[in-house]
Amino acid sequence: MTPETPVVNLRVKQGSEFRWTYQYVEDDGVTPIPLSGFTARAQVRESVWSSDYVYEATTENGGLEITDPANGIVLFKIPGAESTSWLIDKGVYDIELVDGASKPYRLVQGEISISREVTR
């Protein structure tokens, strides 16, 4: 499991539920990498150097789901109520997979921008 870590930039509408599905595939861009036995974790931070995170998602807290392990499908969710309190306009994120031996693999990474909520 060593494909290059893709960079995918995301945009979150503050106050609205965010749902993004990602498929983990080999470098050929087609062959899915099975995720049976993996958990997932993600953090959003203002910058890679920020000591505190803005949001944390895991398979344990429901912020990430491995919805189709055989086909490498992961769902990343941010509840609208969660993003309402964010004070950042942009940040960074990554999603890691963790195997049964607790070894992490970075699935995807990128910038995250926030479309500010006007009606609240």
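Read in our numbering, the sequence shown has 29 at position 29, and its numbers run on one by one without any break. Cβ atoms here follow ideal geometry from the backbone N, Cα and C, with glycine treated the same way.
Reduced DSSP category for residue i - H, G, I as helix; E, B as strand; rest coil
i	result
Ala-101	coil
Gly-91	strand
Pro-69	helix
Ser-51	coil
Glu-26	coil
Ser-115	strand
Glu-82	helix
Leu-35	coil
Residues near residue i in its chain [Cβ-Cβ closer than 8 Å; skip 5 each side]
i	result
Thr-59	Thr-39, Ala-40, Arg-41, Glu-65 and Ile-66
Ser-36	Pro-69 and Ala-70
Ser-51	none
Cβ shell of residue i (< 7 Å), same chain only, five flanking positions each side left out
i	result
Gln-14	Ser-83, Thr-84, Trp-86, Ile-114, Ser-115, Arg-116 and Glu-117
Gly-80	Gly-15, Ser-16 and Glu-17
Pro-45	Per the sequence shown, the amino acid found at residue 45 is Arg instead of Pro. Only Tyr-53, Val-54, Gly-91 and Val-92 meet the Cβ criterion.
Distance, residue j Cα to residue i Cα
i	j	result
Gly-63	Lys-77	5 Å
Ser-47	Gly-72	28 Å
Arg-19	Pro-6	18 Å
Gly-110	Thr-31	22 Å
Glu-4	Ile-33	13 Å
Val-108	Arg-120	31 Å
Val-8	Ile-95	11 Å
Arg-11	Thr-21	13 Å
Ile-88	Ser-102	31 Å
Trp-133	Arg-106	In the structure as shown, the chain begins at 1 and stops at 120. Residue 133 is therefore absent and cannot be evaluated.
Same chain, Cβ closer than 6 Å to residue i, neighbours up to 5 away in sequence not counted
i	result
Gln-43	Tyr-53 and Glu-56
Arg-104	Checking the sequence, you will find Pro at residue 104 rather than Arg. For Pro-104, where only same-chain residues beyond five positions count, the Cβ hits under 6 Å are Glu-96 and Val-98.
Whole-number beta carbon distance between residue j and residue i, since they are thought to touch under 8 Å
i	j	result
Val-74	Tyr-24	7 Å
Contact with chain C by residue i, beta-carbon distance below 8 Å
i	result
Ser-113	Checking the listed chains, one finds no chain C in this structure; it contains a single protein chain.
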